[in-house]
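Protein chains: 2
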Amino acid sequence: MISLEEKFYKLGVKNAPGQEEKSNRNIDNKNLLVDFSHGDVDAFKPIPKSLEKFIEGFHMGEKQAYTEYKGKEAIRSYISQKISCFTNTQINADKNIIVSPGTQGALFLAMGSTISRGDKVAIVEPDYFANRKIAEFFEANIIPIDLEYYSTTTNAGVNLNQLEQAFKNGVKLFLFSNPNNPTGIIYSSVEIKAIAKLAQKYNVTIIVDQLYSRQVFDEREYTHLCAQQEIDPENIISIMGPSKTESLSGYRLGIAFGSSKIINRMEKLQAIVSLRASGYNQAVLNLWFSEPEGWLEERIIEHQLIRDDLVSKFKEYDDLFNIRSTEAGSYLFPQITMLNTTIHDFVDKLRIQENIIVTPGTEFGKQFKNSFRLNFSQDHQSAVNAIERLIELAKEHSK
Amino acid sequence: MISLEEKFYKLGVKNAPGQEEKSNRNIDNKNLLVDFSHGDVDAFKPIPKSLEKFIEGFHMGEKQAYTEYKGKEAIRSYISQKISCFTNTQINADKNIIVSPGTQGALFLAMGSTISRGDKVAIVEPDYFANRKIAEFFEANIIPIDLEYYSTTTNAGVNLNQLEQAFKNGVKLFLFSNPNNPTGIIYSSVEIKAIAKLAQKYNVTIIVDQLYSRQVFDEREYTHLCAQQEIDPENIISIMGPSKTESLSGYRLGIAFGSSKIINRMEKLQAIVSLRASGYNQAVLNLWFSEPEGWLEERIIEHQLIRDDLVSKFKEYDDLFNIRSTEAGSYLFPQITMLNTTIHDFVDKLRIQENIIVTPGTEFGKQFKNSFRLNFSQDHQSAVNAIERLIELAKEHSK
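Now the structure itself:
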């Protein structure tokens, strides 16, 4: 039996987003701080009128402060309708959806409701670091699935043979983000359909984190797993939230939708984990998917332009970096091909010498020893300047 | 091994506060709804200027949206100082405190950071229902400790012999609320010192939920476990929050303070459970313990007056009810001495016929078959009227 000591030893938070800048920073550094560990809500502001919606919620008093654990009924109805439209599915507001404190909350509840100790859980590598940490907390047996994101430009590169083999060997749950965090790539329609078929064939439950699915670049096709006929909808939980593209992270709001059985468990679990997403904050969800006309499109274009500039900077030095361009979301996951030190040392120097914060690749899988993640939802010019400094440092630390 | 099915079967939420009114209510009932399952934040409003503090937080943008997982440094400093004063202890803002999404969040993190599967955990009965549910979720072996609250008026009535026997038999964690939820009684200084000594002697960790410790009636003495010399402070986690007396429940804010080792684990756990308490909401904590002069005293007196009226109503019918008067907080836990039906039936009839919501005693321990909990933080006159109707119904359902 794993001891609590071991369990918590593995649960490090030092390099998690929002934590880095607090540790080990040189406060005398004269460079402007650019924190690529998460998006900058000052550069990309929350959906207009979010504060006004919160204030309305506050003034509703009692009725808004004490909602059902799974979220206020009227808000669940509204969101269900919007997400049904967005994903081309039918979400029943009573049975198929829960509002949670952020998508992190939704992910924890979904995994806590589906993982028994010792269960085989397939997790893509690289993928969001909390996936592995939560699975370890629930004492799952993690089966890594490779995402060969440099091997293709038309697919995400998920290794479907490995996945089928894992499913054959008794995997109960498969967990992945689409768009992928940290690479920013999208799973192709062919991949999503293959995943759906395999899950159905081997009776595997799927949790798919679609946090960045509204921020798709170059008018690419995005395929919702939950809309696939090949798989029983009771075997899927999808997760979304307005913390990224919509910059509502300060309100801590997320949703999970899908399987009524799992949603029901998640509500029970939420009752002991946190009761509910903050009542007044829930009111802000009424803006989600009702942004002012053109607002989302403009936000996407602005991010696409930052991506273009950063990617072209990295591509100027293709002897130093491997990079695959972001297809959706705000992440880039460059690899320093000939790094002559550890990624942690590189990341520390970047922070201390250049006042730039990035997330080391090893957070996404121990094999990503030469990679780092950038969230480029930043002030455009500051991001470009920071990348120029980063490239200089990478030159100094390449063989 | 306990299956997920069993685990979630036990995790019912139907009778939990905030849930009852949504299920099985007669919406045509002409009586005014009085929901005693939780306090009414319309009758007792949030600390003045809470919305203004939230708005300030929102306008701080990035810095307030993305705080450290354990809470924004400046806010932890402020609260540490206030709580150090209140409890007469020394809380280090870096090591000994964490801000969480509500006290429910703090409780879940504290238990998740201290319970290994199969550990013996001593839990008072009656006590807050989530204590047992969380312990079951982490697969603890629950050892009940009787609170003989009708046997005394000078103590809480915790059975210290049982407690010592349980500690001797290998209990790792002892968990209790003070003031007690649901009875509203306070542990005496003698009891707290005895608990401290026993915990030290047998090396037991203690989690003490002090949610209602600011709302003490009749100028009674309140003893903070964390201030006792008899016990190593590294063996204690105390939990507080501004959701009750201060009516800030809609913001979902709580804190835990004490053992640096456990706080450190709690931060790691929070990183995968919910990241942090909503950033903007954290700003509201700056009002806690800085309420306008006289505000807290007035709030206490108003609650004391409601308590007096309700208790005297029940005491008029001492053939029908056993009741011990609230010493702190807003709960009463009356027993219907000769109930001729089940408490669930009584509670259902109360809801459907009278539009009154109370929490059945069985939520606090299966032996409390004739008891129910009231949160009397309600409009004074509505509460009195509702109790008159409740007494009539109890008459009809007594032998």
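Top to bottom, those sequences are chains A and B.
Our numbering puts the first sequence at residues 1394 to 1792.
Our numbering puts the second sequence at residues 1394 to 1792.
Glycine included, every Cβ here is placed at the ideal spot set by N, Cα and C.
These figures come from a predicted structure and were not determined experimentally.
> For a contact meaning CB atoms closer than 7 Å, what does ALA1458 of chain B contact in chain A?
Replying inline: VAL1434, SER1642 and GLY1643
>> If contacts are defined as beta-carbon pairs under 8 Å, then TYR1595 of chain B and PHE1560 of chain B qualify, I think. What distance do you get, rounded to the angstrom?
In response: 4 Å
> Using the beta-carbon of each residue, which ones in chain B are nearer than 9 Å to GLU1399 of chain A?
Replying inline: Simply none; closest approach about 10 Å.
> Candidates A:LYS1590, A:GLU1529 and A:GLN1697: which alpha carbon is nearest GLN1622 of chain A's?
Replying inline: A:LYS1590
> Can the beta-carbon of ILE1578 of chain B be found closer than 8 Å to that of ALA1549 of chain B?
Replying inline: In terms of Cβ geometry, ILE1578 of chain B and ALA1549 of chain B form a close pair [threshold 8 Å].
>> Following a CB-centred definition, is LEU1556 of chain A positioned closer than 7 Å to any heavy atom of the ligand ATP?
In response: Absence of the ligand ATP is noted for the structure shown, with no ligands found whatsoever.
>> Nearest by alpha-carbon distance to GLU1455 of chain A: which of B:SER1642, B:LYS1513 and B:GLU1461 is it?
In response: B:SER1642
>> Can you check whether the C-beta of GLY1672 of chain B is within less than 8 Å of a C-beta belonging to chain A?
In response: yes
> When you compare each of B:GLU1695, B:ARG1717 and B:ILE1694 to SER1705 of chain B by their alpha carbons, which one comes out closest?
Replying inline: Comparing Cα positions, the closest option is B:ARG1717.
> Since ALA1589 of chain A sits in a beta bridge, which residues does DSSP pair it with?
Replying inline: In the DSSP output, where bridge partners are listed per residue, ALA1589 of chain A has none listed.
> Pairing CB atoms from the segment 1660-1675 of chain A with CB atoms from the segment 1481-1500 of chain B, are three or more of them under 8 Å?
Replying inline: yes
> What three-state label does DSSP hand ASN1657 of chain A in the structure shown?
Replying inline: In this structure, ASN1657 of chain A counts as helix in the three-state DSSP scheme.
>> Can you check which of these residues, B:SER1652, B:MET1731, B:PHE1569 and B:LYS1788, is closest to ALA1486 of chain B by C-alpha distance?
In response: B:SER1652
> Applying the criterion that 16 or more other CB atoms from any shown protein chain within 10 Å of the CB defines a buried residue, is TRP1688 of chain B buried or exposed?
Replying inline: exposed
> Given that PRO1537 of chain A touches chain B, what residues does it touch there, using C-beta distances under 9 Å?
Replying inline: Neighbours of PRO1537 of chain A on chain B: none; closest Cβ ~18 Å, over 9 Å.
>> Can you tell me whether THR1507 of chain B is helix, strand or coil according to DSSP?
In response: Coil, per DSSP.
> Residue ranges of each alpha helix (DSSP H) run of no fewer than 4 residues wholly in the segment 1462-1542 of chain A, ordered along the chain?
Replying inline: 1466-1480, 1495-1505 and 1522-1530
> By the criterion of Cβ-Cβ separation under 7 Å, what are the contact partners of MET1633 of chain B in chain A?
Replying inline: Within 7 Å Cβ-Cβ: nothing; MET1633 of chain B doesn't reach chain A, min ~16 Å.
> At a CB-CB cut-off below 9 Å, which residues of chain B make contact with HIS1696 of chain A?
Replying inline: Near HIS1696 of chain A there are no residues of chain B at all, since even the closest Cβ is about 17 Å away, more than 9 Å.
> Taking Cβ-Cβ distances shorter than 8 Å, what residues in chain B pair up with PRO1455 of chain A?
Replying inline: Note that residue 1455 of chain A is Glu in the sequence shown, not Pro. The contacting residues are ASP1433, VAL1434 and ASP1435.
>> On the DSSP letters alone, give me the boundaries of the beta strand (DSSP E) that MET1775 of chain A sits inside.
In response: The sequence shown places Ser at residue 1775 of chain A, not Met. For SER1775 of chain A, no beta strand (DSSP E) segment is defined; the enclosing uninterrupted segment is the alpha helix (DSSP H) at 1773-1789.
> Looking at LEU1786 of chain A and LEU1725 of chain A, is the spacing between their C-beta atoms short of 8 Å?
Replying inline: no
> Counting only beta-carbon atoms, is GLY1498 of chain B nearer than 8 Å to chain A?
Replying inline: Yes, GLY1498 of chain B lies at the interface with chain A (some Cβ there is under 8 Å from its Cβ).
> chain A partners of LYS1526 of chain B, CB-CB under 7 Å?
Replying inline: Those within 7 Å of LYS1526 of chain B in chain A are ILE1665.
>> 8 Å is my cut-off, CB to CB: does LEU1404 of chain B come that close to chain A?
In response: It does; some Cβ of chain A falls within 8 Å.
> Grouping DSSP H, G and I as helix and E and B as strand, with all else coil, what is ARG1692 of chain A?
Replying inline: helix
>> Our contact map puts ILE1440 of chain A next to GLU1695 of chain A with C-beta atoms below 8 Å; I'd like the distance itself, whole angstroms only.
In response: No, ILE1440 of chain A and GLU1695 of chain A are not in contact; Cβ-Cβ is about 15 Å, not under 8 Å.
> Grouping DSSP H, G and I as helix and E and B as strand, with all else coil, what is ARG1766 of chain B?
Replying inline: strand
> Would you say GLN1771 of chain A faces chain B, with C-beta separation under 8 Å as the test?
Replying inline: Under the Cβ criterion of 8 Å, GLN1771 of chain A is not counted among the residues facing chain B.
> Quick one, which of B:PHE1650, B:MET1504 and B:PRO1626 has its alpha-carbon nearest ILE1472 of chain B's?
Replying inline: B:PHE1650
> Does any C-beta atom of chain B lie closer than 8 Å to the C-beta of PRO1441 of chain A?
Replying inline: The beta-carbon of PRO1441 of chain A is placed no less than 8 Å from the nearest beta-carbon of chain B.
> What do you get for GLY1504 of chain A, buried or exposed, if any count of 16 or more other CB atoms within 10 angstroms of its CB means buried?
Replying inline: According to the sequence provided, residue 1504 of chain A is Met. The question's Gly does not apply to it. Under this definition MET1504 of chain A is a buried residue.
> DSSP beta-bridge partners for LEU1568 of chain B?
Replying inline: B:ILE1516 and B:ILE1600
> If GLY1722 of chain B and TYR1615 of chain B are in contact, beta carbons under 8 Å, what's the gap, nearest whole angstrom?
Replying inline: The pair is not a contact, with the Cβ atoms about 11 Å apart (cut-off 8 Å).
> If you run the structure through DSSP and keep just helix, strand and coil, what is GLY1672 of chain A?
Replying inline: helix
> If we count the other Cβ atoms within 10 Å of its Cβ and call it buried at 16 or more, is GLU1756 of chain A buried or exposed?
Replying inline: So GLU1756 of chain A counts as buried.
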